[in-house]
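Its first residue numbered 1168, the sequence shown is counted upward by one per residue in this note's numbering. Think of the CB as a built atom: it goes at the ideal place given N, C-alpha and C, for glycine as much as any other residue. None of the values given here were measured: they were computed from a predicted structure.
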Amino acid sequence: MAACLALLVAAAWFWTGHWMLNNVLGVSLVVLFVAMGRLPSLKVAAILLGGLLLYDIFWVFLSASFFGENVMVAVASKESQHPAVWLADTLSITPPPSLVRTIQLPGKLIFPSWDGRSRSILGLGDLAIPGMLVSMYHRAASGSGAKGLLYFYVALVAYAIGLEIAVVVSYTFNTAQPALLYLVPAVTLPVMVIKTKIMSH
1168 MAACLALLVA AAWFWTGHWM LNNVLGVSLV VLFVAMGRLP SLKVAAILLG
1218 GLLLYDIFWV FLSASFFGEN VMVAVASKES QHPAVWLADT LSITPPPSLV
1268 RTIQLPGKLI FPSWDGRSRS ILGLGDLAIP GMLVSMYHRA ASGSGAKGLL
1318 YFYVALVAYA IGLEIAVVVS YTFNTAQPAL LYLVPAVTLP VMVIKTKIMS
1368 H
């Protein structure tokens, strides 16, 4: 039943390219990644997040100086030609008129504005990588009891706050923001502070 439902959603997205179906596929990929992904330690996860933070900052804030445009925004907002339309054009076949000609690949979540004139984009990496760290806090809780669960719940709430700050800053300054700039400190610093205080006692 799950496989049939998944195929139905994927087929509907492939045909219509609707942003909600794109988001369903994107979230599904993130859940799979977080559930299956494993890192050897929390320290490795934190180092990985730090590297990705620097990567995000460069491509959002500095890439325009080197390449003449914001590469991250250009790549994230670009639509791809529908593969079925490309194949039909190559074979000189007229595709069905109801088939969309361009499609957003499920590498990001899309949130259109109420008036439909603009949209916000959140890359899956901004969900998956911090999500993996938060998930590791939860797994660590099985061996450390209430202390581990405290880390998990603090990181979970801090992640939501960090994401909200990223959204507010983006709307306030009307410019793209590297979400990891807010999410990495959110999921690491509060836990480090709490852990330090616990160890000092």
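Next item on the list: Specify, as a first and last residue, the run of the alpha helix (DSSP H) that F1181 falls within.
Entry: 1169-1183
Check: Within the 8 Å Cβ cut-off, does L1356 reach chain C?
Finding: Note that chain C does not occur in the displayed structure, where there is just one protein chain.
Item checked: Neighbourhood of L1276 by C-beta distance below 6 Å, restricted to the same chain and skipping five residues each side -> N1190, G1193, L1289
Note to self: For L1215 and A1173, what's the separation of their Cα atoms in angstroms?
What the structure shows: 31 Å
Next item on the list: From the DSSP output, in three-state form, read off S1263 for me.
Entry: Correcting the residue identity first, residue 1263 is Pro in this sequence and not Ser. Here P1263 sits in coil by DSSP.
Note to self: Taking 8 Å as the cut-off, does the stretch 1318-1337 touch the stretch 1346-1353 (at least 3 CB pairs, one atom from each stretch)?
What the structure shows: yes
Notebook entry, point to check: With DSSP run on the structure shown, which of helix, strand or coil describes T1363?
Noted result: helix
Item checked: Contacting residues, own chain, Cβ-Cβ under 7 Å from A1325 (five flanking each side not counted) -> A1353, V1354, P1357
Next item on the list: Name the one or two DSSP bridge partners that Q1344 has.
Entry: Q1344 pairs with nothing; no bridge assigned.
Next item on the list: Please go through the stretch 1185-1230 and give each complete alpha helix (DSSP H) segment of 4 or more residues, from N-terminal end onward.
Entry: 1186-1203, 1209-1224
Next item on the list: Have a look at V1334, P1345, Y1304, M1299 and flag the residue whose alpha-carbon is nearest the alpha-carbon of L1199.
Entry: M1299
Item checked: Residues near S1230 in its chain [Cβ-Cβ closer than 7 Å; skip 5 each side] -> N1237, V1238, M1239
Next item on the list: Mind reading off the beta-carbon distance from L1291 to V1176? Whole number of angstroms is fine, and I expect it under 8 Å.
Entry: Contact flag wrong, Cβ pair sits at about 16 Å.
Next item on the list: Kindly identify the DSSP beta-bridge partner or partners of P1279.
Entry: R1286
Check: What do you get for S1302, buried or exposed, if any count of 16 or more other CB atoms within 10 angstroms of its CB means buried?
Finding: buried
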